[in-house]
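**Q** Counting in my numbering, the sequence shown runs from 796 upward without gaps.
C-beta atoms are modelled at their ideal positions from N, C-alpha and C, and glycine is treated no differently.
Let me give you the structure first, and then I'll get to my questions.
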Amino acid sequence: MLNIQLMKPFYFYIGLVCILCTIGNASASDQHDAYPPTISLEALQGLIDQVPKTHPRLFLKQDKLDTLQRKSEPNEISRSLKTLVIKQADRLLDVSPVERKLEGRRLLGQSRRCVERVILLAMAYHLTGESKYVRRCEKEMIAAAKFEDWNPRHFLDVAEMTFGLAIGYDWLYDQLEEDSRSDIRNAIVRKGVILPFETRHNGWVRSGNNWGQVCHGGLTAGALAVLEHEPELAAKTVHNALQNVTRSMTAFTPNGSYPEGPGYWSYGTTYNILLIGVLESVLGSDFGLSKAPGFIDTGQYLHLVTGPSGSTFNYADGGAGRSPEPAIFWFASRYNRPDWFKKEYDLLSAAIARSNESNRSSFGGRFLPFTLLWMEEKPVDPEIRMPLHWSGGGHVPITIHRSSWVDPNVIFVGLKAGSPSANHGHMDTGSFVLDADGVRWAMDLGAEGYHGIESRGMDLWNRSQDSDRWTIFRQQNHGHNTLVIDDQLQTAKNEGSIIQFSDDPDFPYSIVDLSPVYEGQASSVQRGVALLPSHEVLIQDELSGLSPTSRVRWGMITPAKPNTVEENTVVLLQAGKSLRMTHLSQNNSASFKLIDTEKPRNEWDSPNRGSCMVALEGTASADGTLTFSVLITPDSCLQSVGNTWKPLPLKSWVSQK
């Protein structure tokens, strides 16, 4: 019989060991899951040493391969996408590989072309098992590997080329010739991954914008593709990414918005999830990156800023076009959001149909084949859990007001605050876009082409007040749906802020304080945007502290055709629809006029075909005040409040119902 008393010390030590083991395991787990990441270089080295030396390992493993190669595909859209990927890969078989041809200071176009081709060809091989796709992909990668360099002066070029070759090297590892594997691997290391550690090309490492996401994502993929040959470099690269990509990920704080606009959201966020995906597929953890504040919410950002017209609220440098986004499939799958899936499936179906009809050689972006790894069954009729009214917060705040997610006659209006000096910023503080009845009425002209400006020796990226950047029409407040006081620019260094926001369904509204960006021109400038129960939009501006002779211009750029232009009324026509704009404030000399925005102002400005500006110009009162109150009435408004609405001061909006 056991002596229980004698066994007590034994049980004590066993219990203590168990507790310590539990604490140790919890600490290891916490180390892997905490945000910001805290894992040490030594711990990463240990994880990398344990990775099986087999391929593929980046995103694709046997379970994913089995799914891709499944003969019977229950998802019609997935089946159509697979067919289209193979069709696009076939078109590449006789196309010459990329060449080292710079456009100005960038090789980026060639890098992106290489990424697109490698992903298509490598995916086509795994869908069919046909070696012709391997041989053509091999030719593409060898051509890029032989470049003298990948243009490290503009490191995005390096990051994307590294990512492209990493995917081809890993996904086709067993099918590539040994000499090709060696050449491609050496290029990944010497022309990509090693550069931030052994050269001066590392200024991007601590970047707080999309560069950090793209460059850390691309180089980490390269490092993990070749880790059995460069284990120490792989550990350093992953550690470097985990320590620094968080600077870029602050962009999502607090509510998932993106300060560089929807175009750069697509770029930066795609590489962010590729970074997370490659870490998880190779090392089994993202080390807490997906727990960054606002990151989960950014999965709905692109849906929120896309109007019913299909165009985005394209503030900052970017166009309004919208293609299906693989990143949203990733977010929807990871966070179980069928409402995000549904809307993206609709876009994907339309893109596939257009591509088949037009026989285009490219569609939907270079990462679209990744959708095959992330898509799930299309939900039939999911509950839409996204808000109708949303304030993004962050250091480039925007708000969105939408009357419905399902009504075909949706009213949609987006309002922007922030600073012109933000990365990729414009003097668009206070600007808005507006959709009604499925049509975009108030538009943003988008970005001016970078190369055209840079090739003239102009300093596009200097955001100081006297920079060349602000001589470009599309960058100025003159070229946006905001205010111009005495023909002056906004103050580049200052910023506007959202001071009131309401999602009350009876009277949703936003108010932005623009006073700082009109410093020296007025003491107070505020703009309110409200969505009225009548299915109309009210835009009200209140200015004080103006010079008594100041002239203020209210502007809205539109692709519509003016039908009626009177002192207090403008009627616009577009796509068989009409929109009425009425100035309700009768206590000043303001009147509507049209301004030509099609014709370039300067030889460096691009034409803006099919556009004009509806402008409302007025002179300040003797006391230095001025109010604009514009009511926007679409066809779908059955009973306008135009004859009964009495404009109230913005400070009174909080009590309105």
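(1) Taking DSSP's pairing of strands, which residues face Y1304 in a bridge?
(2) Can you tell me which of the three DSSP states P1121 falls into?
(3) With which residues is H1196 paired in a DSSP beta bridge?
(4) Note down, in chain order, each residue of its chain lying with its Cβ closer than 8 angstroms to the Cβ of I979, except the 5 sequence neighbours on either side.
(5) Please report the Cβ distance between A1115 and D1232, rounded to the nearest whole angstrom; I am assuming they are in contact, meaning their Cβ atoms lie under 8 angstroms.
(6) Counting only the same chain and skipping the five closest in sequence on each side, list residues whose C-beta sits under 6 angstroms from that of R1453.
(7) Does F1227 pass the burial test, meaning 16 or more other C-beta atoms within 10 Å, or should it be called exposed?
(8) Could you tell me whether the stretch 1055-1065 touches the stretch 1034-1042, where touching means 3 or more Cβ pairs closer than 8 angstroms?
(9) The alpha helix (DSSP H) spanning C1010 covers which residue range?
(10) Measure the Cβ-Cβ separation of L1278 and W1349 and say whether it is below 8 angstroms.
(11) Mapping DSSP to helix, strand and coil, what is W1349?
(12) So what does DSSP say about I834, is it helix, strand or coil?
(13) So what does M1376 bridge to, in DSSP terms?
(14) Write down every uninterrupted run of the beta strand (DSSP E) in the stretch 855-885 whose length is 3 residues or greater and which is fully enclosed by it, in chain order.
(15) Here's the rule I'm using: 16 or more other beta-carbon atoms within 10 Å means buried, otherwise exposed. How should R886 be labelled?
(16) Here's a check: name, in chain order, each residue in its chain whose Cβ is nearer than 7 angstroms to the Cβ of D952, leaving out the five neighbours to either side.
(17) Which same chain residues end up closer than 7 angstroms to A821 when comparing Cβ atoms and leaving out the 5 residues on each side of it in sequence?
(18) Taking DSSP's pairing of strands, which residues face K1388 in a bridge?
(19) Measuring alpha carbon to alpha carbon, tell me which residue in L842, S926 and V893 is nearest R912.
(20) Specify whether the stretch 1270-1287 and the stretch 1218-1225 touch according to this definition: at least 3 beta carbon pairs, one from each stretch, less than 8 angstroms apart.
(21) If the criterion is Cβ atoms closer than 8 angstroms, does the pair P1311 and G1419 meet it?
(22) Take L1374 as the anchor and find which of A1237, F1302 and R1322 has the nearest alpha-carbon.
(23) Closer than 8 angstroms is the cut-off here; do at least three beta carbon pairs connect the stretch 1419-1431 with the stretch 1319-1336?
(24) Please state whether the Cβ-Cβ distance between L1389 and V1360 is less than 8 angstroms.
(25) Would the beta-carbon of G1094 fall within 8 angstroms of that of F1126?
(26) Within the 8 angstroms Cβ cut-off, does N1131 reach chain C?
(27) Would you decide whether D1176 is buried or exposed? Buried here means 16 or more other CB atoms lie within 10 Å of its CB.
(28) According to DSSP, simplified to helix, strand and coil, what is F1227?
(29) So what does Q795 bridge to, in DSSP terms?
(30) Pop quiz: N1050 and G1089 are said to be a contact at Cβ under 8 angstroms. What is the actual Cβ separation, rounded to whole angstroms?
(31) Ends of the beta strand (DSSP E) at V1077?
(32) Given this structure, state the Cα-to-Cα distance separating E1122 from L1167, to the nearest angstrom.
(33) Between the Cα of G1323 and the Cα atoms of I1193, V1201 and T1032, which residue gives the shortest distance?
(34) Could you spell out where the alpha helix (DSSP H) holding N1358 opens and where it closes?
(35) DSSP state of W945, grouped into three classes?
(36) For T923, which residues of its own chain have a beta-carbon under 8 angstroms away from its beta-carbon, when the five flanking residues on both sides are left out?
**A** Let's see:
(1) S1297 and A1325
(2) Of the three classes helix, strand and coil, the one that applies to P1121 here is helix, per DSSP.
(3) H1184 and V1208
(4) M936, I937, A940, L960, G963, Y964 and L971
(5) For a cut-off of 8 angstroms, the C-beta gap from A1115 to D1232 is around 17 angstroms, too long to register as a contact.
(6) The question about residue 1453 has no answer, for the chain in this structure spans 796 to 1452.
(7) buried
(8) no
(9) Taken as a continuous stretch (DSSP letters only), the alpha helix (DSSP H) holding C1010 covers N1005 to A1020.
(10) yes
(11) DSSP, reduced to helix, strand and coil, places W1349 within a strand of the structure shown.
(12) coil
(13) V1365 and I1427
(14) The stretch 855-885 contains no whole beta strand (DSSP E) run of 3 or more residues.
(15) Classification for R886: exposed.
(16) R901, L902, L903, S906, W945 and N946
(17) The predicted position of A821 is uncertain, since its pLDDT is 36 and thus under 50; no value can be drawn from it.
(18) A1410
(19) V893
(20) yes
(21) No, Cβ-Cβ distance for P1311 and G1419 is not below 8 angstroms.
(22) A1237
(23) yes
(24) yes
(25) yes
(26) Checking the listed chains, one finds no chain C in this structure; it contains a single protein chain.
(27) exposed
(28) strand
(29) For the chain, the structure presents residues 796 to 1452; residue 795 sits outside this window and is missing.
(30) 6 angstroms
(31) No beta strand (DSSP E) contains V1077, which is instead part of the alpha helix (DSSP H) from G1056 to L1078.
(32) A small fix is needed here, since residue 1122 is Ala in this sequence, not Glu. Between A1122 and L1167, the C-alpha separation is close to 12 angstroms.
(33) I1193
(34) From DSSP, N1358 is part of no alpha helix (DSSP H) but of the beta strand (DSSP E) over K1356 to V1360.
(35) coil
(36) Only I881 meet the Cβ criterion.
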